[in-house]
Every structure is written in structure tokens, then in C-alpha cells.
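Here's the structure, in C-alpha cells; my notes come after.
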DNA sequence: GACAAAATTGTAAGCGCTTACACTTTTGGC
DNA sequence: GCCAAAAGTGTAAGCGCTTACAATTTTGTC
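Right under this line is the structure:
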């Protein structure tokens, strides 16, 4: 195949008999272009198979036609689902998806925030997935000027889609308490600097409060959203001497890990210990894991569409909204009455 | 925060007392720059916190500093793992990762190949993950001029990292046959147009051949790499009236789905049916799934590093190599002797 | 030292697009 | 029909970088 010269806006201009400038405006649907011109341009462009150069467009002050998706880790089930759903929506709107995984590492995370100004010239917007923000980071994000949208975040000055995490955790915990358990352990997300300040932890605590129970520090353990982290966390709990009759894991994968460790220690579920998670992972049904179901792909797709909207009308002022999707407790076989 | 003017190469040139051109060369480690100049440039650049503009660099014929990772689907465990591992390596080499999921859809897939020339101007290279190639697609890829590397592919004119799929499938099947099973069913990847021509299917068939057994078409079913696909595939098998005493699934997630359906139908594993997969997914241990373990993240990281090497020396001619990593049969509890 | 060759550095012309501004044409009110 | 306002179109100046090629300096040889 011969390396044919790339089709530029110039070619379109010549073929349509108009100036580059008019072509540029027509292509981007800007005002002040006659219908006739628009038509000619559209025809010429499609005939030539013209695709604007992202680099040139960007350099001249236009858009990069790409957005960054930032996730605490890309391997967890929840993130793989939301990323793919978001990627689809973005792709349909003509945006490339630049994946940035923080790999659950503080250093990577710091690097990301330090490089924001740099990021700002490579993408048009940012989609944050459950990225726990430290003080000042919201400001840094806003300051870099990129439109932002997020999944699973709180009190942020941009559009967010999520579930009511506190409520979901409350549902799970309340379920356990309703079954007569009062010696509970909790796996809390390790993504936040302060484990006991995540919304899910708060929901857990609130449920205990309502039953006049208090949280024992030894029953709280941090875990990432993975099976291995769940395993380790439960093992840690046991090492500490905690012998809860029920465990609430902040996500199903962590709950799977908990099940694994419990079995390794000869503790049977739900006979000795009840376990509940959040997510409704495809394996949860098979394993009989009781959980609080949440729509996952929907969150990614929804947040991506909100971001696209922002990207389309950068000018229009906009009141950021927080969209909460429903969660539902699904009782299965890993939870039962305390004997 | 004040929107300060971006630091350009011009600023570095002025501060270092050299010309833009020399700075450009020094920054890219090109020859014909004195050590002294290199030093001054490096110092000035770091003092100003200079980062080259990807757009300008690209437009002027330089690189985009980003590569595309293309996966048949981004949600499967294997791909989430390899993508993250590759993203890390690429990131460390200064490349952004553009994620492209084919979403297991023929239309998306076709679109991707049709848009290759377009892709070529947005990224510097492509990392293909188990993308089944139709005739002509290899040529299309080569023609677009982008350096390519891949994971899990065969007979391709670029660097590849993978396992010996045929052998892995043979290992799994041989294990089943060795246990006395002769009525086998197989879940084969649906990603290829011809299900019975995937390497894993060939390994399956070869093992049968060696035992003078033949493959019955009703015992072959297509499935994607997901639990749900595995469920459906096994259900389909049962609907067809197949009553195999052992099932080989092309990946662990599909095997999980098989387990699910079997239980729904009152068939117990391994009493009635033996099941074996490939992967060694973190859940497989817990579920007792017999499987052929493969290094997963390693493949993504390795392929990414090979691609980076290609990217560094585009000029140097290069003999593409196929790197095969080892696999290992892990016998657990879902396989046992046929009664 | 003189001079050619080699090494280093600078000049300037783009890369393909956006956009301020100038210019031309159309529209509409009287 | 006339004229100002509105609408449409074109000109040209960059955006920040790469890269021929020209200009300059350094090196090495006799």
C-alpha cells in the first residue's frame, strides 16, 4: 500500500470551493455558515474521507477528542465494568479513552495530581471513578480547567453518579443486625487515607449506633476491592483475635476473599459466620453471597454521558448534580440468624 | 489560581541561552549536541518544569506519546489484568494508554479496522490483546505503519507474548481423558469467526485424537470469557441433549458459569461432571476449580515492554519474536475419575 | 599554522488546524 | 429602492514543535 498523503482541511476547502476557515466552521457546526456551504463541506469531507487531525486541532486551541478515565485500580470487577461502559459512551461521542490506573499506590496517585496541568493538554475532560480526594485535590482538579465528572464520589463541584453508599452499607449492616448479630467486623476501603471515614463505613457505624452498639477498632480492617485483599483482611482480623459472628465487606470481591479465609480456618458460613457484601458480582449468585446489589455499568455510562454534555457546552454555566441510583439487599445463603 | 502561560520550548531556549532547535535535539537525546549544551538544556527545562506539548510534537512529525491497547472486551478478568500491567509499563515509559474495547461485537471490530489510518495519527503504537484476526487484517495493521505488539496471538509479523494455547488446552483435556472421561464437551472462544479453529480448540482436538476419539459437533459451544457466557453455553449444551461427563472451558470465568448451570440442573461436580478451565483466576482456588495456570499480568507487561522497545528504535530492522510463557496444570476438586 | 573535515548550533519553513478581524453579501424596515 | 444591520466568507497570524539546510565552531593533519 502506498503511503498516500493525508487528507487535510485544505483538500476539503478546495473540493468544496470554500475557504479553509469556512470549512473549519462548518465542520464544527459553528454559526455563521450558510446551509448551502454546510452542505458542500459535508459532501466534500465525506467524499474525501476527511478526518481532522487531533494534534493540529489541539494545538490550535481546539479539542483533543479524548478524555481520561481515572480509577484507583483497573483490575477490580467494578472498575472494569464501569470503564468499559464509559468507554463505549465516550467512543460513540467521538472521544478516545485514556486509561489511568492509580494502581492503589499513593505514589502513583500523588504523581497524577502533580501532573494535572500536563494532563490538561492531553485530554478534554476527566472521568474520576471512586477516587478518594485529599484536601486540596478538588481545588487542583478545578484549577486545571478540565471538565470533570465522577462515579461514586461525594460533595464534589461537578456531576457525579453513584449509589447512596452510606445507605447501602447501612442496608447490609442492618441485615446482619436484624439477624441477631452484634459482634460484627467490617472490611473498609483502603483507598481513603482514613479508613473509618468512608461513606460505607459511616453507614456501618450508623446501623450499629441505631442498635446502641459501638465499633471496636479491632474489628475494622482496610482492604482493597480484590479477592486477595479480602483474604488478607480476614486473616488479619483472625490474627488479631477478632471472632465476629458476622462480617460486612465493602464489596463482593473482598467478601469472596473473606469466605476463602474463613474456610481455610475451618469456619463455616453461615453456620459460624455470616458474610455480606456490596455489588452483586456475577459470582455472588453461585456462591450464595448475600449482598447489596448496585447497577454498575449504568454508573459508568451515565457519568460518561454527563461528561460529554459538559464537553459539548463548556460555556453554559452548570449546576453540578449528584445522581444516586438505587441499591437493593439480596439475601442469599451467606447470612443467617445468630444461633 | 492564575492561568499562567504554558512553558514552551522557547522559554527553555532563552533560559539556556541556546536555540530552540538545539533544545529540541537535546531534549530528545539526538546526536550532535555538546555535553555542555545538553547540560544547560536539562537544567533549564527542569527549572522551568517544562513538558513538551504532545499536540505540537505530534503535529510537527514527532510522537503522540500514547499507544492504543485493543482488547476483545475490557471486562473479562484476563484483560483487566493485562491492561493494567501494560498500562503501568507504558506509563513508566511516558506513554498514555488509549483503551479500545471491541466489546465482543463484530460491528465495533470492523469499525476499528476501518479506522486504522485514523488511529495511526492518534497513537504511536498498538498493543493487541487476543484479537482474532480475519484475513487481510494483518495486512491492514502493517499498512497503517504503526508498530504493533500483541498478547496471545499467532503467526503475526510482530512481537507476541503468550502461552502455548494449544498445549494448555491439551494439558486440560489430557487431564480429563487421563481420568477416564471420553464423553467431553468444550467451550471454545467466540472471538474467532470459526470456533473450531482456535488454538485451544485444536489442543482439545489433538488430545482426543491421541485417544482415538472424535469431536462431536453437539459437544462444542462458543462462549465469551465471562461467567454469563459460560452459563449460557452450558445451558445450551444441556438443551441440545449433550450429557458430557467432563467439560473443558477455555477460561476460568467461563468454567465458573459452567459450574453455575450444572448446579442449577442438579448435576454435581465432580460426581456427575468434571470441569476444567484455563487461567487460575483468584476465585478458582476457593471454588476448587481444576485449571491450567498461566501468568497473566506478566504477559501484558512483557508485551508492553516489547512495544516500547519497538517505539524507541523505529529505524532498526527487527525480527519479530514469539515469546511463550509456561503453563501448569493445577488439579483441584472439580475433576475426578469417571465412575 | 593552514585547511579540510567533522561536530555543533542556528535559521526558517512548515505540520493542520482555530480564530480575530476585515471584507463582502444578504436581509429587512421605511 | 436605500441604507444600516446582520449574515456569510476570506485573510492571515499563530499554536509549539520538528527538521532540512545553512552557518559557525572545533578538531585533526601535514
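Chains as they are written, first to last, in this note's numbering: chain R, 1 to 339; chain V, 1001 to 1339. Where a beta carbon is used, it is the ideal one built from N, C-alpha and C, also for glycine.
Taking the Cα of residue 1245 of chain V as reference, the smallest distance to any Cα among V:1252, V:1184, V:1310, V:1261 is reached at V:1184. Considering only beta carbons, the part of the segment 225-256 of chain R lying closer than 7 Å to chain V consists of 227, 228, 256, in chain order. With respect to the C-alpha of residue 1066 of chain V, the residue from V:1240, V:1096, V:1042 having the closest C-alpha is V:1096.
Minimum Cα-Cα distance from residue 148 of chain R among the listed residues R:256, R:41, R:119 corresponds to R:119. At a beta-carbon threshold of 8 Å, the residues of chain R lying near residue 1101 of chain V are 84, 87, 88, ordered along the chain. For a Cβ distance threshold of 7 Å, residue set 98, 122 of chain R lies close to residue 1096 of chain V, ordered along the chain. Among the bridge pairs identified by DSSP, residue 248 of chain R is matched with R:186, R:276. In summary, residue 39 of chain R is exposed, with fewer than 16 beta-carbon neighbours lying within 10 Å of its beta-carbon over all protein chains present.
The Cβ of residue 334 of chain R sits no closer than 8 Å to any Cβ of chain V.
Using a CB distance cut-off of 8 Å, residue 1286 of chain V counts as an interface residue toward chain R. Using a CB distance cut-off of 8 Å, residue 58 of chain R counts as an interface residue toward chain V. Look at residue 1074 of chain V: its C-beta is under 8 Å from a C-beta on chain R. Counting C-beta pairs with one atom in each stretch, the segment 247-264 of chain R and the segment 277-290 of chain R have three or more that are closer than 8 Å, which means they touch. Residue 1180 of chain V is not bridged by DSSP to any residue. Listed along the chain, the chain V residues whose CB falls inside 8 Å of the CB of residue 259 of chain R are 1286. Scanning R:11, R:89, R:227, R:179 for the CA closest to the CA of residue 1102 of chain V turns up R:89. Only residues of its own chain outside the window of five on either side were considered, and among them 1069 have a CB closer than 6 Å to the CB of residue 1083 of chain V, listed in chain order. By the Cβ-count criterion, residue 1278 of chain V is buried, with 16 or more other Cβ atoms from all chains shown falling within 10 Å of its own Cβ.
Annotation note: the segment 1254-1301 of chain V contains the following uninterrupted alpha helix (DSSP H) runs of length 4 or greater, listed N- to C-terminal: 1282-1287. Residue-level contact check: residue 1320 of chain V does not touch chain R, since none of the beta carbons of chain R fall below 8 Å from its beta carbon.
At a cut-off of 8 Å between beta-carbon atoms, residue 283 of chain R makes contact with chain V.
Inter-residue distance for residue 227 of chain R and residue 1229 of chain V is about 22 Å (C-alpha atoms, whole angstroms). Unbroken alpha helix (DSSP H) runs of no fewer than 4 residues, entirely contained in the segment 17-44 of chain R, are found at 20-27, following chain order. By the Cβ-count criterion, residue 180 of chain R is exposed, with fewer than 16 other Cβ atoms from all chains shown falling within 10 Å of its own Cβ. Any Cβ of chain R closer than 8 Å to the Cβ of residue 1054 of chain V would place that residue at the interface, and such an atom is present. Contact of residue 190 of chain R with chain V is not assigned, every C-beta pair being separated by 8 Å or more.
Taking the C-beta atoms as reference points, residue 162 of chain R is found no nearer than 8 Å to residue 129 of chain R.
With respect to chain R, the C-beta atom of residue 1051 of chain V has a partner C-beta closer than 8 Å.
Buried is the label assigned to residue 1144 of chain V, since at least 16 other Cβ atoms lie within 10 Å of its Cβ. Secondary structure at residue 1209 of chain V: helix, using DSSP grouped into helix, strand and coil.
Here DSSP, grouped into helix, strand and coil, assigns residue 1338 of chain V to coil. For residue 10 of chain R, same chain residues with a beta-carbon under 8 Å away, outside a window of 5 residues either side, are 20 in chain order. Between residue 55 of chain R and residue 1006 of chain V, the CB-CB gap reaches or exceeds 8 Å. The Cβ-Cβ distance between residue 1213 of chain V and residue 1182 of chain V falls below 8 Å. Contact of residue 1118 of chain V with chain R is assigned, a C-beta pair being separated by under 8 Å. Residue burial is scored here from C-beta neighbours: residue 274 of chain R has at least 16 other C-beta atoms within 10 angstroms and is therefore classed as buried.
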